[in-house]
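Peer 1: Please see the structure below; I have some questions.
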């Protein structure tokens, strides 16, 4: 087998998701990627992570990393309020980009990103890893075959706080304990300004609900659009418990999709998309990415015999969605292919999140 040319990768933001998921995945994909550069705003985190990647250069500023000639592509996994400006800097530097969700916080930022990417010769992919799971891809094909007979759909995502799972696994992640309070205050102020630009309000409950839609909920809105298409309208939307729980009903013409999102204190992932027809139910279940190598599962329920039903549960690959997302990113870069989770695709989730907020009581 001919050896493939590896992409030299810089990691911008070495926090929880980078340490617990991305970097272990990239180590397993070392035949495709070589981590050559690291940046984090915390010197202690940068030192701790760098100790495990001795071949990677460390940078005190993300722009210095982007100017480094030993980087072909970057993972942008810093604070979400910095995703837009960091992605713009990466595009200007000619680097390929995988940016964690949300790609940005409002439509103003989204339009700047899309305009910059249109004139650049680089790949920009948004990190909606769930859409790269084989179980989900198979579900999309099956639903498309009988889309005119859908009677009901549900998108459900209720999870416990990730810290509960990380702690139970005994994972020792480096934390940003060396950051002065002034930095956190400035970050909160910038976040409030970006959210106000998006939804015209910084009332705490509404701001929390918008952040939930962009963080956890963006996975669900993105997957829902690929599976079902965009909704015609929003029939109902509500946030409760300080913006930590969201329920909505979305009009698809001949059926309604129920949307349920939230974060609580139970250490589990209750995450699925389910579509009903008259004679079949298709469901995709996801498990926590913080326990690695758990593939998404496809469940099909249909008729069996004269008065019975059959359940088939399958997963065509043992690989988890993050690994498959990184492989797709590599192939998109090498083949000069537009990712299905592009900036323009991600913009649609921002529109839907804004419209859901507009309907909320």
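Numbering (my numbering), first residue to last: 107 to 467. Beta carbons: idealized from backbone N, C-alpha and C, even for Gly. Every value quoted in this text rests on a predicted model; they were computed, and no experiment measured them.
#1: When you measure from the CB of residue 327 to every non-hydrogen atom of the ligand SAH, does any distance come out below 7 Å?
#2: What are the residues that DSSP puts in a beta bridge with residue 375?
#3: According to DSSP, is residue 209 helix, strand or coil?
#4: What did DSSP end up calling residue 165 once you bin it into helix, strand or coil?
#5: Would you call the CB atoms of residue 118 and residue 197 closer than 8 Å?
#6: Helix, strand or coil: which one does DSSP assign to residue 235?
#7: Using 8 Å as the threshold, is the C-beta distance between residue 232 and residue 381 below it?
#8: Please report how far the alpha carbon of residue 221 lies from the alpha carbon of residue 448, in whole angstroms.
#9: If you draw a straight line from the C-alpha of residue 279 to the C-alpha of residue 271, how long is it?
#10: Any idea if residue 107 is buried or exposed, counting beta-carbon neighbours within 10 angstroms, 16 or more meaning buried?
#11: Taking residue 408 as the reference, which of 389, 400, 421, 399 has the closest Cα?
#12: Please give the ranges of any beta strand (DSSP E) in the segment 115-160, keeping only runs that are unbroken, at least 3 residues long and fully inside the region.
#13: Should residue 115 and residue 153 be called a contact, given that it needs their Cβ atoms to be closer than 8 Å?
#14: So, do the segment 354-364 and the segment 324-339 have three or more beta carbon pairs nearer to each other than 8 Å?
#15: Can you confirm whether the segment 445-460 touches the segment 313-328 when touching is taken to mean that 3 or more C-beta pairs between the two stretches lie within less than 8 Å?
#16: Looking only at its chain, what residues have a beta carbon closer than 7 Å to the beta carbon of residue 385, apart from the 5 residues adjacent to it on each side?
#17: Note down, in chain order, each residue of its chain lying with its Cβ closer than 6 Å to the Cβ of residue 422, except the 5 sequence neighbours on either side.
#18: Nearest by alpha-carbon distance to residue 313: which of 296, 328, 329 is it?
#19: Judging by CA-CA distance, which residue of 379, 400, 121, 217 is the nearest neighbour of residue 457?
#20: Just to confirm, is the Cβ distance from residue 315 to residue 345 under 8 Å?
Peer 2: If we stick to the structure as given:
#1: Among the components of this structure there are no ligands whatsoever, and the ligand SAH is therefore not found.
#2: As a working mapping, residue 375 is identified with position 269 in the chain shown. Paired residues: 265.
#3: Numbered from 1 along the chain shown, position 103 holds the residue referred to as residue 209. Coil.
#4: For the purposes of this step, residue 165 is identified with residue 59 of the chain shown, where counting begins at 1. Strand, per DSSP.
#5: If you number the chain shown from 1, residue 118 lands on position 12. If you number the chain shown from 1, residue 197 lands on position 91. Cβ atoms of residue 118 and residue 197: not closer than 8 Å.
#6: Position 129 of the chain shown, counted from the start, is the residue given in the question as residue 235. Helix.
#7: Walking along the chain shown from the start, residue 232 turns up at place 126. Walking along the chain shown from the start, residue 381 turns up at place 275. Not closer than 8 Å, so no.
#8: What you label residue 221 is simply residue 115 of the chain shown in a count that begins at 1. What you label residue 448 is simply residue 342 of the chain shown in a count that begins at 1. Distance between the alpha carbons of residue 221 and residue 448 is about 13 Å.
#9: Within the chain shown, residue 279 is the residue found at index 173, counting from 1. Within the chain shown, residue 271 is the residue found at index 165, counting from 1. Roughly 12 Å separates the two Cα atoms.
#10: Looking up residue 107 in the chain shown gives position 1. Caution is warranted here: a pLDDT of 31 is assigned to residue 107, below 50, making its placement in the model unreliable, and the coordinate value is therefore given only provisionally. Residue 107 should be labelled exposed.
#11: As a first step, residue 408 must be located in the chain shown, where it is residue number 302. That would be 389, whose Cα lies nearest to the Cα of residue 408.
#12: 139-145
#13: As a first step, residue 115 must be located in the chain shown, where it is residue number 9. As a first step, residue 153 must be located in the chain shown, where it is residue number 47. Result no, Cβ atoms of residue 115 and residue 153 do not sit closer than 8 Å.
#14: yes
#15: yes
#16: The residue given as residue 385 occupies position 279 in the chain shown. Cβ within range, chain order: 408, 409.
#17: As a first step, residue 422 is located in the chain shown; it is residue number 316 there, counting from the start. Cβ within range, chain order: 240.
#18: The count along the chain shown starts at 1 and reaches residue 313 at position 207. If we check each option's Cα against that of residue 313, 296 comes out closest.
#19: Here residue 457 refers to the residue found at position 351 of the chain shown. Among 379, 400, 121, 217, the Cα nearest to that of residue 457 is on 217.
#20: Working through the chain shown from its first residue, we reach residue 315 at position 209. Working through the chain shown from its first residue, we reach residue 345 at position 239. A contact, by the Cβ cut-off of 8 Å.
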